[in-house]
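Single-structure report; data block below.
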Amino acid sequence: METLHHIVYGFGVALTPQNLAFVFLGVLIGTVIGMLPGLGPMSAIALMIPIAFTLDPASAIIMLAGVYYGAIFGGSTSSILLNAPGVAGTVATSFDGYPLARRGQAGKALSVAAVASFAGGTVGVIGLMLVAPTLSALTVSFGPAEYFALMVLGLTAVVSLSGVDLTKGLISATVGVMIALVGIDSQTATLRFTFGSSELYEGVEFLIVALGVFALAEVFVMVTRRGAPAPDATVTSLRLSRRELRTIGGPTARGSVLGFFTGVLPGAGATVASFLSYAMEKRVARDGKTFGEGNIKGVAAPESANNGAAVGSFVPLMTLGVPGSGTTAILLGALLVLGVQPGPLMLDERPEIFWGLIASMYIGNLVLLILNLPLIPLFARVLRTPQALLLPLIVVFCVVGVYGQSFGVFDLWLLVGFGLLGFLMRTNGFPAAPLILGLILGGLMERSMRQALLISSGDFTVFVTKPISATLLALAALSLLAPLVGVWRRRRARALRGAAERAHDGARPGDARTGGTAGTTEEPGAGREPREGGNG
């Protein structure tokens with residue numbers, strides 16, 4: 007009953023004309039940018055942060071969250087039509103969506119994606135509404151040691167699940183933490199990493215790093231690639247039969263639940279959820295062998311999962327103050343700049359933000375369904391936007407966003423520098439998500455660690471003697487060791503296969519020599535006679 011009262015209050019916040027407009031604006035921008043291959047929700051949110059800073063916190067998070075799940079929702083369009091995923095979370099959607107489009111069933115695939123995305127997002131919002139208050143109540147007792155351990159877990163989980171070499175993920179996270187330490191130490195007044203520049207005394211602004219590493223870096227990447235002419239992105243009928251709706255019912259339900267709980271785990275995110283759901287559905291489906299050839303179940307499962315995970319990632323963000331992905335790390339940075347500290351106390355201190363966000367997600371998912379189905383043919387034209395128009399617009403957004411915040415030319419040079427850093431990271435396989443998480447969590451981790459050591463009179467065992475912090479640190483260690491164990495097992499398996507193949511290949515020549523000796527003793531001599539004659 008109390009939850010019902012809270013959600014009614016949340017709808018009162020979300021249904022104001024101003025917030026309704028920001029819901030619509032957020033999901034619309036997210037949908038359009040989500041369809042553009044390469045940009046993704048992180049770049050979209052980074053571009054919208056300058057606007058968000060001019061709003062009150064509730065309106066800002068409503069708009070930015072709409073951009074996030076709107077981008078996940080819209081990312082399937084380019085995956086299905088062009089086999090070019092707009093966001094990483096829709097890669098699995100292209101496995102069956104693109105074959106459907108090539109068979110002239112693009113409309114059906116897009117409709118399945120829209121319905122499954124709506125279902126996944128709705129299930130995720132219900133889960134957020136039910137799980138978050140309970141989890142928040144459990145974490146009220148968290149102290150500095152527990153928060154430090156929790157942030158370490160969030161950072162290591164994203165590093166281990168970043169999909170690249172673990173070493174590169176750790177390097178990226180370390181760079182992010184180092185950037186967070188730039189400036190004057192608030193406790194000792196020591197200058198750190200300022201290199202004699204007074205402009206760095208107050209540290210590096212989060213907005214500069216976010217826009218540089220994500221948006222401007224993407225411009226540099228696009229400039230270095232020769233864009234191929236966009237193929238025809240026309241769509242067919244969008245109607246689904248009752249039989250097709252029944253067919254996707256099970257995969258959508260399973261994907262929604264799996265996606266939400268995967269999203270709750272720090273570091274997993276929409277991409278991991280979509281692949282897990284696709285793999286599970288391929289295994290349980292009777293027609294699993296047809297996955298990859300244009301099976302609508304292969305569209306419904308990952309689409310419901312990635313949207314459920316997008317909403318699920320707000321659980322650790324809003325209740326623990328720990329981002330579960332690079333995108334929610336940007337959202338956390340925006341909230342901190344707006345003076346809002348996400349965590350267990352936020353539900354009591356700032357209920358209009360938490361419950362207004364949940365209510366706006368219900369509205370936003372409905373708007374996305376209504377928006378996407380009839381306007382899919384129109385949105386498809388965005389996929390053919392020439393880079394000559396798109397790239398200058400992105401650069402203008404970046405420059406105006408940074409200069410409008412500080413009116414300093416030095417910040418523009420920093421923007422270019424971080425853009426080049428992001429470009430080098432992209433071209434060399436370094437993930438950007440650990441860097442942005444390190445930037446966000448670096449200062450918070452340092453503060454929590456200092457508070458814990460101050461309380462314990464400098465005793466470092468405080469982090470392992472408390473059950474919760476010890477458990478969280480153990481999980482963080484496991485999250486780093488698990489990929490190493492996987493690498494070791496794969497190398498061992500390859501070594502065993504190689505040894506078996508060498509033993510098998512070595513046995514065959516030995517058998518031939520044995521057989522030849524047993525058959526005749528004259529063959530060796532016969533083999534020497536020509537050489538002796540040749541030498542004579």
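Sequential numbering of the sequence shown, starting at 7, is according to this note's numbering. Beta carbons are placed, not taken as given, at the ideal position from N, Cα and C, and that holds for glycine.
By the C-beta criterion, the segment 293-301 is judged not to be in contact with the segment 329-341, since fewer than 3 inter-stretch pairs fall below 8 Å.
Residues 299 and 300 of the same chain have their beta carbon placed closer than 6 Å to that of residue 105, with the five preceding and five following residues left out of the count.
Non-local beta-carbon contacts of residue 449 in its own chain, meaning distances under 8 Å to residues more than five positions away in sequence, involve 186 and 187 in chain order. Inclusion of residue 218 and residue 70 in the CB contact set at 8 Å is not warranted, their separation being larger than that value. Taking 8 Å as the cut-off, the beta carbon of residue 307 is found no closer than this to the beta carbon of residue 268.
Per DSSP, residue 344 lies in no alpha helix (DSSP H) and is assigned neither H nor E. By the 16-neighbour rule on beta-carbons within 10 angstroms, residue 312 is buried.
If you compare the alpha carbons of 424, 139, 380 and 247 with that of residue 10, the shortest gap goes to 139. Distance from residue 365 to residue 17 at the Cβ level is roughly 4 Å; contact confirmed, criterion being Cβ atoms closer than 8 Å. When only Cα atoms are considered, residue 483 and residue 107 end up about 44 Å apart. For secondary structure counted as the alpha helix (DSSP H) over 4 or more consecutive residues, the segment 246-275 holds these complete runs in sequence order: 248-270. Burial of residue 279 is indicated by the presence of at least 16 other C-beta atoms within 10 angstroms of its C-beta. In terms of Cβ geometry, residue 189 and residue 202 do not form a close pair [threshold 8 Å]. As a beta-bridge residue in DSSP terms, residue 190 pairs with 197. Bounds of the alpha helix (DSSP H) holding residue 416 are 415-433.
Three or more beta-carbon pairs separated by less than 8 Å link the segment 280-290 to the segment 93-102, which places the two stretches in contact.
Per the C-alpha coordinates, the member of 135, 60, 206 and 31 positioned closest to residue 361 is 135. Here DSSP, grouped into helix, strand and coil, assigns residue 392 to coil. Pairing residue 264 with residue 117, the inter-Cα distance amounts to about 21 Å. Taking a contact as a CB-CB distance under 8 Å, the pair residue 119 and residue 82 counts as one, their CB atoms being some 4 Å apart. Residue environment for residue 133: buried (at least 16 other C-beta atoms within 10 angstroms of its C-beta).
Note on the segment 289-342: there is no whole beta strand (DSSP E) run with a minimum of 3 residues.
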